[in-house]
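Report on the structure given below.
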Amino acid sequence: MIYKRSSALFKEAEQYIPGGVNSPVRAFKAVGGTPIFAKSAKGAYVYDEDENRFIDYINSWGPMILGHAFEPVVDAVVDKAKAGTSFGMPTELETHIAKLAVSMVPNIDKIRFVNSGTEACMSAVRLARGYTKKDKIIKFAGCYHGHSDAFLIQAGSGAVTFGTPNSPGVTQGTAKDTLLARYNDINNVEALIEANKGEIACIILEPVAGNMGCIPPKDNFLQELRVLCDANNILLIFDEVMTGFRLAKGGAQELFNVKADIVCFGKVIGGGLPVGAFAANNDIMSHLAPLGPVYQAGTLSGNPLAMAAGYAMLNTLNEDAGVFKRLEEKTAYLHEGISEVLNTQGITHTINRLGSMISVHFSEKKIEDFETAATGNNDTFKAFFHGMLKEGVYIAPSAFETWFLCDALTYEDLDFTIEAVRKVAKSL
Ligand SMILES: *Cc1c(COP(=O)(O)O)cnc(C)c1O
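Residue 257 in this note's numbering sits at position 256 of the sequence shown, with consecutive numbering throughout.
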């Protein structure tokens, strides 16, 4: 494959945009090489500036669950654009999408739309703090909740006491209010709560982790978190930016039958336009401005184009009863195919999967938290990534990312992918 035009475009971009990209992981730093510039996409395929075609397992990092340029979404956006792209006034469409989202997701009465997953999580934590009148939060190592200060914290050895920032610019003052726990380790969470009695406003987590590869919660982990939260007057926040409207209509809450107090959305809910949202029951949401004192706002929040895209997407997911099952079956098929190939070639690996989220780890360990996710062989992953790219399959350019399947994928595409793995595996 030739990436001539992409290479030239990247060089030019680097002169004017830091690192040539507007979001770091696009820069291929974890795998080396030059990022590929997308030109267009349709269904399961993305086309680059050199006219190469790739089967796409990133799907814009999740939103394109029905495939690229999905017609009802595109038509809705085009129609809306002709009637004006932003008003800064309420529109009827905002109520339609809110009503639909509330009907699809359990345990929520009201939803507030924002412009990104980052904003959703940041606002959810502020609301939890305002509601409980407590300051500290618990997050899990390896869970990503966007790039707001409170979340850019990683464990020092003294995780039970103070977090330490892992981005310059995050102050110690912010870091000390973020406590870091081990994913899937309920005892660790319990110890943190004990050591910070009466000070914790909320626990935020990805109910199925997707930002350290795909890591499903252990049996009862979510249920046990619910019990701990109830016993300690702590709000449980499910960050369903990745899992919402992907694993089921009602997301992880529905799938695991666990109630969250606040739920965050992004990705699928915007159908590929910049949308995030957070939602809760009437009691909690009544604390939000203009009803209550917790402030949150956005000039472009509820933007008509974004709402049109999101509404078309949610409507389709709501009406197509088979979509989540189809996605799960396709992902299971891919899982089996890749497992068979890697086993035949004797390549050490672990595959994690839930619904339409899947990740291949080049490690012999069970991958169940950040520590075990980090045991993957990164050199093998790099070679695998570039090999797959050469074969026309685009997976996320980092071993810590999940692959997302879209409904536009055919079984021929999946077979093509499995055959690509077979070719690439020979040289790993
Ligand atoms: C992508 C993601 C975010 C951040 O969303 P942005 O729209 O990139 O700001 C937050 N939480 C999770 C779980 C995500 O996967």
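Beta carbons: idealized from backbone N, C-alpha and C, even for Gly.
Worksheet entry | Test item: CB-CB of I18 and C215 under 7 Å | no
Discussion item. If contacts are defined as beta-carbon pairs under 8 Å, then K331 and L410 qualify, I think. What distance do you get, rounded to the angstrom?
Written reply: 6 Å
Fill in: Top-ranked residue by Cα proximity to E120, from I187, K135 and V242
V242
Worksheet item: Considering L229, what are the terminal residues of the alpha helix (DSSP H) in which it resides?
Response: F222 to A232
Worksheet item: So, does the CB of S149 fall closer than 7 Å to a CB anywhere in chain D?
Response: Of the protein chains in the structure, only one exists, and it is not chain D.
Worksheet item: Looking at C-beta atoms only, is the number of pairs between the segment 367–377 and the segment 21–32 that lie closer than 8 Å three or more?
Response: no
Worksheet item: What residue from T349, D284, K391 and T300 has the CA that sits closest to G293's CA?
Response: D284
Item to complete: Could you pull out every residue in the same chain whose Cβ sits closer than 7 Å to the Cβ of L306, ignoring the five residues on either side in sequence?
Response: V78, K81, A82, T86 and L274
Worksheet item: What's the C-alpha gap between A322 and N316?
Response: 11 Å
Discussion item. For F382 and H362, I'd like the C-alpha separation in whole angstroms.
Written reply: 8 Å
Worksheet item: Taking the alpha carbon of I56 as the point to measure from, which residue in K427, S428, V422 and L128 has its own alpha carbon closest?
Response: V422
Worksheet item: Quick one, are the C-beta atoms of G299 and V115 less than 7 Å apart?
Response: yes
Item to complete: Can you check DSSP and say which residues form a bridge with K43?
Response: Y46
Worksheet entry | As assigned by DSSP and simplified to three states, the class of L306 | helix
Worksheet item: Closest by CA to E255, which one among G356, T345 and Y46?
Response: G356
Worksheet item: So what's P91 in DSSP terms, helix, strand or just coil?
Response: coil
Item to complete: Pick helix, strand or coil for F239, following the three-state DSSP scheme.
Response: strand
Worksheet item: Relative to ligand 1, is the shortest distance from any of its heavy atoms to the C-beta of V242 smaller than 6 Å?
Response: yes
Item to complete: For the beta strand (DSSP E) holding F146, just list the boundary residues, first then last.
Response: At residue 146 the sequence reads His, which differs from the Phe that was named. Unbroken run through H146: none, as it is neither H nor E.
Discussion item. Please tell me whether A182 and F141 are closer than 7 Å, where the distance is taken between their beta carbons.
Written reply: yes
Practice prompt. Confirm the yes/no value for this check: CB of E420, any heavy atom of ligand 1, distance under 6 Å.
Written response: no
Fill in: Check whether I205 and I238 have beta carbons under 7 Å apart
yes
Fill in: DSSP state of Y395 mapped onto helix, strand, coil
strand
Worksheet item: Which residues in the same chain as A147 place their Cβ atom closer than 6 Å to its Cβ, once the five residues preceding and following it in sequence are excluded?
Response: At residue 147 the sequence reads Gly, which differs from the Ala that was named. For G147, where only same-chain residues beyond five positions count, the Cβ hits under 6 Å are G118, T119 and C122.
Worksheet item: Just to confirm, are M131 and V269 a CB contact at a threshold of 7 Å?
Response: Just to set this straight, residue 131 is Gly in the shown sequence, not Met. Not in contact: G131 and V269 (Cβ atoms no closer than 7 Å).
Worksheet item: Just the Cα atoms here: how many angstroms apart are G143 and A397?
Response: 17 Å
Discussion item. Using C-beta distances below 7 Å, list every residue in its chain close to W404, excluding the 5 sequence neighbours before and after it, in chain order.
Written reply: Y58, I359, S360, I396 and A397
Discussion item. When you measure from the CB of T119 to every non-hydrogen atom of ligand 1, does any distance come out below 6 Å?
Written reply: yes
Discussion item. Going by DSSP in three states, I18 sits in which element: helix, strand or coil?
Written reply: coil
Worksheet entry | For V190 and Q224, believed in contact at Cβ under 8 Å, the rounded distance | Q224 to V190, Cβ: 13 Å. No contact.
Discussion item. Do A70 and K40 count as a contact pair if the criterion is CB distance below 7 Å?
Written reply: no
Worksheet entry | Extent of the continuous beta strand (DSSP E) to which S360 belongs | M358 to H362
Fill in: Simplified DSSP state of P36, which is helix, strand or coil
coil
Practice prompt. May I ask which residues mark the beginning and end of the beta strand (DSSP E) holding A202?
Written response: I201 to L206
Practice prompt. Using the DSSP secondary-structure output, state which residues sit across from C265 in a beta bridge.
Written response: D240 and F279
Worksheet item: Just to check, is the beta-carbon of Y145 closer than 6 Å to a non-hydrogen atom of ligand 1?
Response: yes
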